[in-house]
Structure formats: C-alpha cells, structure tokens
Amino acid sequence: MVVEVEEVSKAFESERGRVEALQAASLSVRKGEFVSLLGPSGCGKTTLLRMVGDLETPTTGEIRVSGLVPSEARQQRLTGAVFQKPSLLEWRSVLDNVRLPGEVFKDEEVLGRAEEMVEKVGLTGFEHAFPRELSGGMQSRVSIARALTHRPRVLLMDEPFGALDEITREHLQIELLSVWWETQAAVLLVTHSIPEALIMSDRVVVMSPRPGRIIEDITVPFPRPRENTLRAKTEFVQLEAHLRSQLDRAAFGDS
Ligand SMILES: Nc1ncnc2c1ncn2[C@@H]1O[C@H](COP(=O)(O)OP(=O)(O)OP(=O)(O)O)[C@@H](O)[C@H]1O
Ligand SMILES: [Mg+2]
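Just so it is clear: in the sequence shown, position 77 is 432 by this note's numbering, and no numbers are missing.
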C-alpha cells in the first residue's frame, strides 16, 4: 500500500471548544490507484488530506506513506499536492512556477522536467505568461504540472477543479487522467462532484457527516482510458444515482 490511514481521528481544540473532525477513519490506497473522497461539507476530507500531506497531525491513529510517517514522506518528496485555489506565485511566470519544486529541492532532473510538464498540461505558448494573464482552468493546469514535476508517489488533490465551470472541468478531468496515467502516482482526490469522482477513480470512498467516518468504499468498474462519452452510459448513471442516495442519506438521514 502506498497510503495507509489506520483508525485516524482528529480533534481541533480552540477557545470555542473542541471540534471532532474525523473519527476512526481507515483507508488505504495501492500503488498507482486513483481514489476519490466524497462527503458532506465539514466532514473532515480536507483535514484527512492535510494529515497525509503532513500539514496536520492526527490526534490518534496512524498514517503511513510508502511505509513512512508523513513527515518523512514529505522530506523524501513522496507527496505532491494540488489545492482548490491554485496558489501560484503571482510574480513568477508559468514556467517559473512549475520550476519551483526543482529549485526548492535543488534537483536538476526535476528542473529539467518543468518544460515538458507545461507542455503535457497543454500550456505551450504560455510558458512566460504570468498567473494573472491566465484563466482559472489554465491556473489549475499550472498547479497540476507543478505538483507532478518531482514525480510524487502520492498526489493529493483537494477540489482542484472546484472553481471552474462544468465544461472546463470535464475537459480537465480527462486531461488530468492522461497526464496521471504516465506517472503511476497514487491519487487521493477530494471532490463534491459525483460524476468527477466516477469518471476519474478506481475507487470512490464516501464519508459520513462530522465527525467523518468512512461509510462506503465502492470499486468503479469502467476500463481505462476513460472518455467523456462514458458519462452517458447506463452503468455510469446508475452508479451516480447510487452514490447520490448514499450521500443524501449520510447528510440528511432517511427523511
Ligand atoms: N485548523 C482548524 N482549526 C479548527 N477547526 C478546524 C480546522 N480545520 C478544520 N477544522 C474543522 O474541522 C471540520 C472538518 O473540516 P474540513 O475542512 O476537513 O472539512 P471538509 O470535509 O474538507 O469540508 P468542505 O467539503 O466544506 O471542504 C470542520 O468542522 C472545521 O471547522
Ligand atoms: Mg475541504
């Protein structure tokens, strides 16, 4: 397993009291596997991703990334992350944003891959543009290219297409799949979109409302490579309806 989350709970303490964000969540992701997390707002999805990426520590339970604790995995550059807001450096061009990990790690090989990654995410011709000159979708592509330059073993994505219109999202999902396919990275993707989870993933994991627990883990049976036409297939639509009812029930009960 590349990612192992075992009985992880997380509580946040503040002057306003204690918030139980996650409760005994267990999840594993195999090498090269694409797993999506779906669940109601506030159920701890971002918190779970941040703990795997070593941006937060569990209150109880254990996390391993390629057998290492998250801080070691981060030091060894096994993880890469993409968040909802692309968080690009405004004063750096597209290429210089994608070169950033190589510069930070002082790694010539990673630096050398920056240009190729920009090309792979379809931004040829925009290498020297600045983030403010790009559309939202293009900015998302830059942050995906940046997260993949150092060939992480695990790619963590938190609603990477959250701010985009549906048509752009659908295109980027298929594009990301073809870029990801070559990297063999294991992916943990947080999304609110059921079709996004289905078209991209090998497995979809559904969480309960806060404190988040894992209530369902379904295997997505469609072969790869996947195309946008899959969305209209009966089996896809049925799975989509099933997940929607699971989420509905999780959030609002049987009422
Ligand atoms: N740094 C923090 N300090 C205190 N509470 C926090 C912190 N981060 C998250 N929480 C709380 O933990 C709970 C889970 O938050 P989290 O961001 O993980 O939810 P989420 O599932 O990602 O929600 P959404 O779908 O809306 O993004 C929330 O109640 C939130 O208020
Ligand atoms: Mg979140």
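Where a beta carbon is used, it is the ideal one built from N, C-alpha and C, also for glycine.
Please classify residue i as buried or exposed, where buried requires at least 16 other C-beta atoms within 10 Å of its C-beta.
| i | result |
| --- | --- |
| phenylalanine 438 | buried |
| histidine 483 | exposed |
| alanine 606 | exposed |
| tryptophan 446 | exposed |
| alanine 552 | buried |
| valine 465 | buried |
Beta strand (DSSP E) containing residue i: first to last residue?
| i | result |
| --- | --- |
| threonine 574 | 569-574 |
| serine 391 | 389-393 |
| methionine 562 | 558-562 |
| aspartate 520 | It is not in any beta strand (DSSP E) - aspartate 520 carries neither H nor E in the DSSP assignment. |
| valine 453 | From DSSP, valine 453 is part of no beta strand (DSSP E) but of the alpha helix (DSSP H) over 449-459. |
With a cut-off of 8 angstroms on the beta carbons, I'd call residue i and residue j a contact; round off their distance for me.
| i | j | result |
| --- | --- | --- |
| leucine 365 | proline 413 | Just to set this straight, residue 365 is lysine in the shown sequence, not leucine. Their Cβ separation, rounded to whole angstroms, is 6 angstroms, which keeps lysine 365 and proline 413 in contact under 8 angstroms. |
| glycine 387 | proline 566 | Glycine 387 to proline 566, Cβ: 30 angstroms. No contact. |
| proline 580 | serine 533 | 7 angstroms |
| threonine 415 | alanine 376 | Wrong, their Cβ atoms sit about 12 angstroms apart, outside the cutoff. |
| glutamine 378 | arginine 568 | 5 angstroms |
| threonine 504 | alanine 469 | 6 angstroms |
| leucine 393 | threonine 546 | 7 angstroms |
Using DSSP with H/G/I as helix, E/B as strand and the rest coil, what is residue i?
| i | result |
| --- | --- |
| phenylalanine 367 | strand |
| valine 497 | helix |
| leucine 377 | strand |
| serine 533 | helix |
| serine 383 | strand |
Terminal residues of the continuous alpha helix (DSSP H) containing residue i?
| i | result |
| --- | --- |
| serine 442 | Per DSSP, serine 442 belongs to no alpha helix (DSSP H) and is neither H nor E. |
| leucine 403 | 400-407 |
| arginine 429 | 425-430 |
| glutamate 470 | 463-475 |
(message) I need the residues with a C-beta less than 7 angstroms from some heavy atom of ligand 2; please give them in chain order.
(response) Lys400, Thr401, Asp513, Glu514 and Val545
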